[in-house]
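A quick write-up on the structure given underneath.
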Amino acid sequence: MTVKAQTPVITNPSLYDVEAIRKDFPILQTYVHGKPLVYLDNAATSQKPISVIRKAQEYYSTMNSNIHRGVHALSGVSTEAFETARIKIKKFINALGKNEIIFTRGATESINLVAQTFGRSNLNEGDEVIISEMEHHSNIVPWQLICNEKKAKLKVIPINDDGELILEEYEKLLSDRTKIVSVVYCSNSLGTVNPVRKIIKAAHKKGIPVLIDAAQAVNHLHIDVQELDCDFLVFSGHKIYGPTGIGVLYGKVNLLDSMPPYQGGGDMISKVTFEKTTYNELPHKFEAGTPNIAGAIGLGEAIDYVSRIGIGNISLHEKELLDYATEAVQSVPGLKIIGTASEKVSVLSFVLDDVHPHDIGTFLDFEGIAIRTGHHCTQPVMDRFKIPATSRASFAMYNTTEEIDVLVNGLNKIIKVFG
Ligand code: PMP
0 MTVKAQTPVI
10 TNPSLYDVEA
20 IRKDFPILQT
30 YVHGKPLVYL
40 DNAATSQKPI
50 SVIRKAQEYY
60 STMNSNIHRG
70 VHALSGVSTE
80 AFETARIKIK
90 KFINALGKNE
100 IIFTRGATES
110 INLVAQTFGR
120 SNLNEGDEVI
130 ISEMEHHSNI
140 VPWQLICNEK
150 KAKLKVIPIN
160 DDGELILEEY
170 EKLLSDRTKI
180 VSVVYCSNSL
190 GTVNPVRKII
200 KAAHKKGIPV
210 LIDAAQAVNH
220 LHIDVQELDC
230 DFLVFSGHKI
240 YGPTGIGVLY
250 GKVNLLDSMP
260 PYQGGGDMIS
270 KVTFEKTTYN
280 ELPHKFEAGT
290 PNIAGAIGLG
300 EAIDYVSRIG
310 IGNISLHEKE
320 LLDYATEAVQ
330 SVPGLKIIGT
340 ASEKVSVLSF
350 VLDDVHPHDI
360 GTFLDFEGIA
370 IRTGHHCTQP
380 VMDRFKIPAT
390 SRASFAMYNT
400 TEEIDVLVNG
410 LNKIIKVFG
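In structure tokens, the structure reads:
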């Protein structure tokens, strides 16, 4: 298999060359059940370009060594590569300093970190945490755990029938007892893009910090944490074409400084005695133990890749795909889209009359099509729409309208088979 090492920089959206991009992703040449793979499960995890795959190999074959501690040459090289990745992320989301970028295992761990440190030290009995009805379980359960422990309350912003947050209800929920607002930027099960700027402004008027779950946003939208003015922002590497097991917590430096450590261990300390331990400076205070070094370096490479294509160009391409798919599925009898917000990322959730999503997913798999079926870790969204599950096709920078045609053909076959 021949794959190009680097996609050229795209400076003009009209030069977006999806076929050239596809060649960078070796897995897209795979056959599944004898059919060419049509990978439409990008909201679960995206595929990796060859440059990211090679970077992990390069790390293990030329640099492998523990970071921050050794004086030998290899440790210097791996530390440099790890810290360079941090700087790439800092620039990508326009953080003020690299000490505001904490490496974690992913969005889930980043939210748990904030709940267990900021939450533990700021929540008291009767205090409130605001989340929304469309949160991923990873932005519900960590808050439930700490609220239960502290006898604090979880308040939930409701959503309307299109799957949009009801902002008037949000404003009513903000109170003197609110200690943090934690909301998703883009919904993984509905595709909704939330008006996070308005949400942040309203909270800040009352001096309340806001965490933005950008797990489904960072790969679709340009993110500038200073412009957003969010207090925390989290995302996972694997949804932005990087490796699994690596993610990011961005936090404003004054907040991170005020928070106690999350986990104890090596690297997060300054001085340890049995009587007293003092902690390392940011960001290391929150990075106990040996991190996923290859993952961080791979994420840095993924960010380089995305930057070469241009997040704006990716957004435009994905919008075309979403519009095309939204129109194309109208021809499938009995199909209903769940999530019809006016602003969406490229996530298309749907139900099909009387056919269980599990059967849809299994049938499409035999056509070589990978979609997601289930509650997508958003059970309250399913309850809101009174459905057990949806089928979800989610599109990435390398998907094509031809692949959407294959999906629609597959759905029409299902209608024939299941009557
Ligand atoms: N938030 C959202 C909106 C997500 O879609 C996901 C992953 N599906 C997560 C958080 C959790 O991400 P991870 O499993 O990578 O920690």
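For what it's worth, numbering that gives the first Met the number 0 labels the leading residue of the sequence shown as 0, then goes sequentially.
Beta carbons are placed, not taken as given, at the ideal position from N, Cα and C, and that holds for glycine.
Excluding five sequence positions before and after H283, the CB atoms of its chain that fall closer than 7 Å to its own CB belong to D266 and M267, given in chain order. Unbroken alpha helix (DSSP H) stretches of 4 residues or longer found wholly inside the segment 19-85: 49-57, given in chain order. DSSP places K412 in the uninterrupted alpha helix (DSSP H) bounded by T400 to F417. DSSP, reduced to helix, strand and coil, places K335 within a strand of the structure shown. A buried status is given to Y240, since no fewer than 16 other beta-carbon atoms sit within 10 Å of its beta-carbon. P12 and G118 have their C-alpha atoms some 43 Å from each other. G373 is positioned such that its CB atom lies closer than 8 Å to that of A388. Taking 8 Å as the cut-off, the beta carbon of I245 is found no closer than this to the beta carbon of A324. Across the set E57, K97 and S74, the C-alpha of E57 shows the shortest separation from the C-alpha of E300. At the C-beta level, V247 and S74 stay beyond 8 Å of one another. Secondary-structure assignment with DSSP links S390 through a beta bridge to F349 and T372. The closest heavy atom of the ligand PMP lies less than 7 Å from the beta carbon of T107.
A direct Cα-to-Cα measurement between M381 and S345 gives close to 19 Å. Distance from the CA atom of H67 to the CA atom of E79, rounded to whole angstroms, is 9 Å. Taking 7 Å as the cut-off, the C-beta of G246 counts as close to a heavy atom of the ligand PMP. At a cut-off of 4 residues, the continuous stretches assigned as alpha helix (DSSP H) that sit fully inside the segment 93-127 are 106-113. Taken atom to atom, the span from the alpha-carbon of F273 to that of F384 is near 55 Å. The DSSP-derived three-state label of L281 is coil.
The DSSP-derived three-state label of F91 is helix.
DSSP places I156 inside the beta strand (DSSP E), whose first and last residues are K152 to I156. Cβ contact annotation for V209 (same chain, cutoff 6 Å, sequence separation greater than five): V180, I199, A202, C229 and D230, in chain order. Secondary structure note for T361: its alpha helix (DSSP H) is the uninterrupted segment P356 to F365.
Annotation for Q215 indicates a beta carbon within 7 Å of some heavy atom of the ligand PMP. With 16 or more other Cβ atoms from the protein chains shown falling within 10 Å of its own Cβ, E317 counts as buried. Taking 8 Å as the cut-off, the beta carbon of N218 is found no closer than this to the beta carbon of L320. When C-beta atoms of the segment 21-39 are compared with those of the segment 351-359, fewer than three pairs fall below 8 Å, so the two segments do not count as touching. Counting only runs of 4+ residues, the alpha helix (DSSP H) found wholly inside the segment 165-234 occupies 166-172, 195-204 and 224-227, in chain order. At least one heavy atom of the ligand PMP lies closer than 7 Å to the C-beta of S235. DSSP places K343 within a strand segment (E or B) once states are collapsed to three. In the three-state reduction of the DSSP assignment, K251 falls in the coil class, being assigned neither a helical nor a strand state. Our two residues, V192 and P35, have alpha carbons roughly 31 Å apart in a direct line. Inclusion of T107 and H237 in the CB contact set at 8 Å is not warranted, their separation being larger than that value. In terms of Cα proximity to S188, the closest of I336, E170 and K178 is I336. In this structure N138 is in contact with D212, their Cβ atoms being roughly 5 Å apart against a cut-off of 8 Å.
Straight-line measurement puts the Cα of S186 at about 9 Å from the Cα of T377.
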